[in-house]
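Listed in order, the protein sequences are those of chains A and B.
Just so you know, we're using the working numbering here: the first sequence kicks off at 8 and counts up by one.
Just so you know, we're using the working numbering here: the second sequence kicks off at 8 and counts up by one.
Notes to accompany the following structure.
2 protein chains.
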Amino acid sequence: MSQAIAPDSQLGEALAQIAFEVDNAFDALLPVPDDARARLFEAMRYAAMGGGKRLRPLLVAAVAEMYGVQREAAIRAGIALESIHVYSLIHDDLPCMDDDALRHGKPTVHLAFDEATAVLAGDSLHDFAFEILSDPATSADPFTRIELVRTLALASGAQGMAGGQMMDLVAESTEFDLHTVTRLQQLKTGALLGAAVELGAVLGRVAPEGRAHLRSYARDIGLAFQIADDLIDHEGDAHVAGKAVGKDAEAGKATFVSLMGAERAREQARMLVEQAIGHLAQHGGEADLLRSLARFIVERDR
Amino acid sequence: MSQAIAPDSQLGEALAQIAFEVDNAFDALLPVPDDARARLFEAMRYAAMGGGKRLRPLLVAAVAEMYGVQREAAIRAGIALESIHVYSLIHDDLPCMDDDALRHGKPTVHLAFDEATAVLAGDSLHDFAFEILSDPATSADPFTRIELVRTLALASGAQGMAGGQMMDLVAESTEFDLHTVTRLQQLKTGALLGAAVELGAVLGRVAPEGRAHLRSYARDIGLAFQIADDLIDHEGDAHVAGKAVGKDAEAGKATFVSLMGAERAREQARMLVEQAIGHLAQHGGEADLLRSLARFIVERDR
Numbered sequence: 008m009s010q011a012i013a014p015d016s017q018l019g020e021a022l023a024q025i026a027f028e029v030d031n032a033f034d035a036l037l038p039v040p041d042d043a044r045a046r047l048f049e050a051m052r053y054a055a056m057g058g059g060k061r062l063r064p065l066l067v068a069a070v071a072e073m074y075g076v077q078r079e080a081a082i083r084a085g086i087a088l089e090s091i092h093v094y095s096l097i098h099d100d101l102p103c104m105d106d107d108a109l110r111h112g113k114p115t116v117h118l119a120f121d122e123a124t125a126v127l128a129g130d131s132l133h134d135f136a137f138e139i140l141s142d143p144a145t146s147a148d149p150f151t152r153i154e155l156v157r158t159l160a161l162a163s164g165a166q167g168m169a170g171g172q173m174m175d176l177v178a179e180s181t182e183f184d185l186h187t188v189t190r191l192q193q194l195k196t197g198a199l200l201g202a203a204v205e206l207g208a209v210l211g212r213v214a215p216e217g218r219a220h221l222r223s224y225a226r227d228i229g230l231a232f233q234i235a236d237d238l239i240d241h242e243g244d245a246h247v248a249g250k251a252v253g254k255d256a257e258a259g260k261a262t263f264v265s266l267m268g269a270e271r272a273r274e275q276a277r278m279l280v281e282q283a284i285g286h287l288a289q290h291g292g293e294a295d296l297l298r299s300l301a302r303f304i305v306e307r308d309r
Numbered sequence: 008m009s010q011a012i013a014p015d016s017q018l019g020e021a022l023a024q025i026a027f028e029v030d031n032a033f034d035a036l037l038p039v040p041d042d043a044r045a046r047l048f049e050a051m052r053y054a055a056m057g058g059g060k061r062l063r064p065l066l067v068a069a070v071a072e073m074y075g076v077q078r079e080a081a082i083r084a085g086i087a088l089e090s091i092h093v094y095s096l097i098h099d100d101l102p103c104m105d106d107d108a109l110r111h112g113k114p115t116v117h118l119a120f121d122e123a124t125a126v127l128a129g130d131s132l133h134d135f136a137f138e139i140l141s142d143p144a145t146s147a148d149p150f151t152r153i154e155l156v157r158t159l160a161l162a163s164g165a166q167g168m169a170g171g172q173m174m175d176l177v178a179e180s181t182e183f184d185l186h187t188v189t190r191l192q193q194l195k196t197g198a199l200l201g202a203a204v205e206l207g208a209v210l211g212r213v214a215p216e217g218r219a220h221l222r223s224y225a226r227d228i229g230l231a232f233q234i235a236d237d238l239i240d241h242e243g244d245a246h247v248a249g250k251a252v253g254k255d256a257e258a259g260k261a262t263f264v265s266l267m268g269a270e271r272a273r274e275q276a277r278m279l280v281e282q283a284i285g286h287l288a289q290h291g292g293e294a295d296l297l298r299s300l301a302r303f304i305v306e307r308d309r
């Protein structure tokens, strides 16, 4: 698991391409103003650009492409979602939260800038997501735009990611069982991954009932992703992970690995990936990227 | 200025009514779940309910009523806006920001709960605003909903309130002139007050060109509001203000009072109120509440 596995060439190209497009979009959409707000925009750009695998935007784009959506719209929805992910990392890294010094191999925002700027940069990226989604440039259709907004707001807030983060805080002082850890991770990590496939499907005007298999796919890769993360935290080294490792065990938090053991957790992740791929049975070659992505998630080096 | 002035009876009733409706709406829309997220929702409710004059929801409702909007829609838009205001206060009160112990006369969220919960409660109220606005219960018309979302996202983020908060941080180490302090306050306080009248007008399906006078009204009362705040900070006592006072002077920050002197600042606030009321000349008695509200803003006890 701590060995870097080269993604297959279609996925490798797609990862490189999305990383390039996401950075370009943030660069174009977050110009630094020539006034006292400059430091805020610099912090937003520092956090948003040049780091991360961009798995969430890639998921948005992969699903959008299956349904013939224009690339620009998919990239815009992708960076909106990525903005939420990045804001949550900035706040999560704060001293009062996980107190992390390293993120994507560089100093966290509150260390590179300061804590107050980190709070505001997170808050501003949070709004930026909804600015982007509500902009007619994302979709000319107001119904599509409002569906995008609603999907992201529900995935991000107390019913989704933030609720999962709260459970994660409580986990430090409470012994969670496997059921509760699963629920925690379905919210903390799963909600945004689920939103990724939903955003792609909303852009593709897939009716809600036609999205069920994509949601199932996302739910399975979301859990597989978290199990893989726990295994990296359990086994990995900080250099490969690009962030501190071993922190969950240190904090006494129940994880998939502590509850199931590393061997069973690894098997479970592989099983979830096969199950995720099974949900795509109705699709042909157009879903190959989603299939590769599912495999990559448990085999990634970080 | 530090004397409590009784609002006129129409305004007094409107303030009492909106405070009641806002608390009821938060209570109904933020039930505490029976799981490990309970503490998060308790913190959101603690911050959102039972405090503040609810001036922003009242502005939304007053404008909405001028254009015959259903009360329920106005209240929903009002609590969305108030959620943004409340989230910004939670984060602003954090030790790494203003480090305040008291808000609306009770301990701030990070003291009543803890810092991590305060960060997440702020983040969750931030999303809650967009959840509420994007919900069909706010308006059956997707175009109206997306306009509400876009108005709020732009007013809240780096282009608006959060940008103003960043300028406010910079103000601690830089000598701002009157022009820059005005710009700072137009963003920090003015953006959400401007959004309040915009939300009411969007619900009333007033075309953008028909909202210009309302925006002018909001801009003037926003500045008057901030000057009044500076005067309270300069002269007031913490008991009346419900929060710590004298902090700006202590931090060496330029304020309207430090730059203009208390007497000229007081005159300027009165002038702005008259100007704000002037922008409502095209309206008859239906704008009386907005007129009273403008006067109240410089005469309020806190």
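By construction, the Cβ of each residue, glycine as well, lies at the ideal position given by its N, Cα and C atoms.
At a cut-off of 8 Å, the C-beta of B:T196 has no neighbouring C-beta in chain A. When DSSP reads this structure, A:P114 sits in a beta bridge with A:L109. Listed by position along chain B, the residues whose Cβ is nearer than 7 Å to that of A:F137 are F137, V156, A160. In the displayed model, B:S146 falls within coil according to three-state DSSP, outside both helix and strand. Going by DSSP, B:L37 is part of no alpha helix (DSSP H) at all; its letter is neither H nor E. Against B:V126, the close residues of chain A are H98, L101, C103, M104, V126, in the order they occur along the chain (beta-carbon pairs closer than 8 Å). B:E72 is the residue among B:G57, B:R52, B:D42, B:E72 whose C-alpha sits nearest the C-alpha of B:L296. Close CB contacts of A:M174 within its chain, under the 6 Å cut and outside five residues either way in sequence, are with L191 (chain order). The Cβ neighbour count for A:S16, taken over all protein chains shown within 10 Å, is under 16; the residue is labelled exposed.
Between B:L101 and B:D130, the alpha-carbon positions lie close to 13 Å from each other. Contact between A:A235 and A:I139 does not hold, since their C-beta atoms are separated by about 29 Å, which reaches or exceeds 8 Å. A:E179 and B:A219 have their C-alpha atoms spaced approximately 52 Å apart. Membership of A:G285 in the alpha helix (DSSP H) is indicated by the continuous run 269–285.
Residues of the region 176–190 of chain A that bring their beta carbon within less than 9 Å of a beta carbon in chain B comprise L176, V177, A178, T181, F183, T187, R190, in sequence order. Against chain A, a Cβ distance below 7 Å from B:Q192 picks out nothing, because the smallest value is about 12 Å.
For A:R271, the closest of A:D237, A:A288, A:H98 by C-alpha to C-alpha distance is A:D237.
Residue state for A:M56 is assigned as coil, using DSSP reduced to three classes.
Under the Cβ criterion of 8 Å, B:Q233 is not counted among the residues facing chain A. Here the C-alpha atom of B:L230 lies approximately 12 Å from the C-alpha atom of B:R273. DSSP, read as helix, strand or coil, puts A:D42 in coil. When DSSP states are grouped into helix, strand and coil, B:Q192 belongs to the helix group. Interface with chain B (8 Å Cβ-Cβ cutoff): A:A208 is excluded.
Look at A:P102 here: in three-state DSSP terms it is coil, with no helix or strand label. Taking 8 Å as the cut-off, the beta carbon of A:L66 is found closer than this to the beta carbon of A:V204. Judged by DSSP in its simplified three-state form, B:K260 adopts coil rather than helix or strand. Contact between B:A165 and B:A198 does not hold, since the beta-carbon distance rounds to 11 Å and is not under 8 Å.
Taken atom to atom, the span from the alpha-carbon of A:D142 to that of A:L155 is near 11 Å.
If you compare the alpha carbons of B:Q275, B:A202, B:A301, B:F150 with that of B:L287, the shortest gap goes to B:A301. Neighbours of B:S131 in chain A, taken as residues at a C-beta separation under 7 Å, are given in chain order as G164, A165, A169. The beta carbon of A:P149 falls within 8 Å of a beta carbon belonging to chain B, placing the residue at that interface. Of the candidates A:M104, A:G112, A:M51, A:R222, A:M51 places its Cα closest to the Cα of A:I91.
Excluding the 5 residues flanking it on each side, A:P38 has same chain C-beta neighbours closer than 8 Å at F48, in chain order. Three or more beta-carbon pairs drawn from the region 53–61 of chain A and the region 115–128 of chain A are found closer than 8 Å, and the two stretches are therefore classed as touching. A distance below 8 Å separates the beta carbons of A:V70 and A:G207.
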